[in-house]
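One structure is given here, and the rest of the page talks about it.
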Amino acid sequence: MPRGVAIPELRQQLFTAAERVILRDGPSRLSGRAVTTEAGVAAGLLYAHFTDLDDFLAAYAVDRSFVVIAAAPLADRAGTGDIAANLADALLAIPRDTLTALARLLVLRPELAERVHDVLGDETALDAIERAAAAYLEAERRLGRLAESIDPQAVALALVGALHHLVLTAGDLDDRLRPAIAALVGSTANERTANG
1 MPRGVAIPEL RQQLFTAAER VILRDGPSRL SGRAVTTEAG VAAGLLYAHF
51 TDLDDFLAAY AVDRSFVVIA AAPLADRAGT GDIAANLADA LLAIPRDTLT
101 ALARLLVLRP ELAERVHDVL GDETALDAIE RAAAAYLEAE RRLGRLAESI
151 DPQAVALALV GALHHLVLTA GDLDDRLRPA IAALVGSTAN ERTANG
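As structure tokens, then:
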């Protein structure tokens, strides 16, 4: 890239490059040079826009948290369709590479989570997914489609735990997450029928 030429969308280009490095080489291989090499830009360009690598990684984590949060809409699904399918469809709509890279980075660098919290408050990616799932399940319970004895927060936590585990272990998300959700929510439907 010639010197002095503006690079449109440079932040996103660097974030996408970081994501590719994390997915291919693991977060422990992430460095400023690895990111700029992957992005095909000058080595010092990252530091012209970010204070240091930690500043860059925090900005990446915040940006990708927004992507994950926006990708799992559940609010409008209450009262329609199958509960387990609605949850699975919402969770599987999250860009897998983004969620995988973000989860792996935050496991290796947990101190970045504090920086994400500083920007987003309590709404980090997995927190937001958990809250959305709990709110959806609570709405379904209010509509009588879910047993009163079910704790939406506990089920939502279990769903996020399963999602996080599968993302970190490179499991087949679709084939393994759908049955897990069906088992959690299906058991609630069975309980509701039995108690009905």
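Sequential numbering from 1 applies to the sequence shown in full-length UniProt numbering.
Don't be surprised by glycine CBs; every beta carbon is placed ideally from N, CA and C.
Remember, it's a predicted structure, so these values are computed and weren't measured experimentally.
Taking residue i as part of the alpha helix (DSSP H), name the residues at either end of that continuous run.
i	result
residue 37	32-39
residue 48	45-49
residue 132	125-142
residue 111	111-120
residue 19	10-25
Report the CB separation of residue i from residue j in whole angstroms; it is logged as a contact under 8 Å.
i	j	result
residue 159	residue 146	The Cβ separation is near 14 Å, so there is no contact.
residue 167	residue 103	5 Å
residue 65	residue 16	Not really, about 15 Å apart at Cβ, beyond 8 Å.
residue 177	residue 163	6 Å
residue 56	residue 46	6 Å
residue 35	residue 29	Rounded, the Cβ-Cβ distance is 10 Å, inconsistent with contact.
residue 88	residue 73	Not really, about 13 Å apart at Cβ, beyond 8 Å.
Take residue i and list the residues in its own chain whose beta-carbon comes closer than 7 Å to its own, dropping the five residues that flank it on each side.
i	result
residue 62	116, 119 and 120
residue 67	95 and 98
residue 190	Annotation note: pLDDT 43 at residue 190 (below 50); position unreliable, no value reported.
residue 108	27 and 28
residue 174	92
Measuring CA to CA, which of the options is closest to residue i?
i	options	result
residue 97	84, 50 and 26	26
residue 69	94, 77 and 157	94
residue 100	89, 169 and 77	169
residue 157	45, 129, 143 and 47	129
residue 77	165, 161, 134 and 174	134
residue 143	154, 153, 177 and 83	83
residue 38	44, 52 and 18	18
residue 179	92, 154 and 108	92
residue 10	54, 49 and 87	49
residue 132	154, 148 and 33	154
residue 127	108, 161 and 109	161
residue 54	186, 139, 105 and 172	105
Residues in its own chain within less than 6 Å of residue i by CB, not counting five upstream and five downstream?
i	result
residue 40	none
residue 182	84
residue 13	39
residue 58	112 and 115
May I ask you to check if the CB of residue i is nearer than 6 Å to at least one heavy atom of the ligand NAP?
i	result
residue 43	With respect to the ligand NAP, the structure shown offers nothing to examine, as it has no ligands at all.
Within its chain, find whatever has a CB closer than 8 Å to the CB of residue i; leave out the 5 residues flanking it on each side and keep chain order.
i	result
residue 141	147, 148, 150 and 152
residue 80	86
Exercise. What are the uninterrupted segments assigned as beta strand (DSSP E) that are 3 or more residues long and contained completely in the region 51-107, given in chain order?
Worked result: List check, beta strand (DSSP E) in window: nothing returned.
For this session: Please specify which runs of the alpha helix (DSSP H), each continuous and at least 4 residues long, are wholly inside the region 145-182, giving them in chain order.
Result: Qualifying alpha helix (DSSP H) stretches, in chain order: 152-168.
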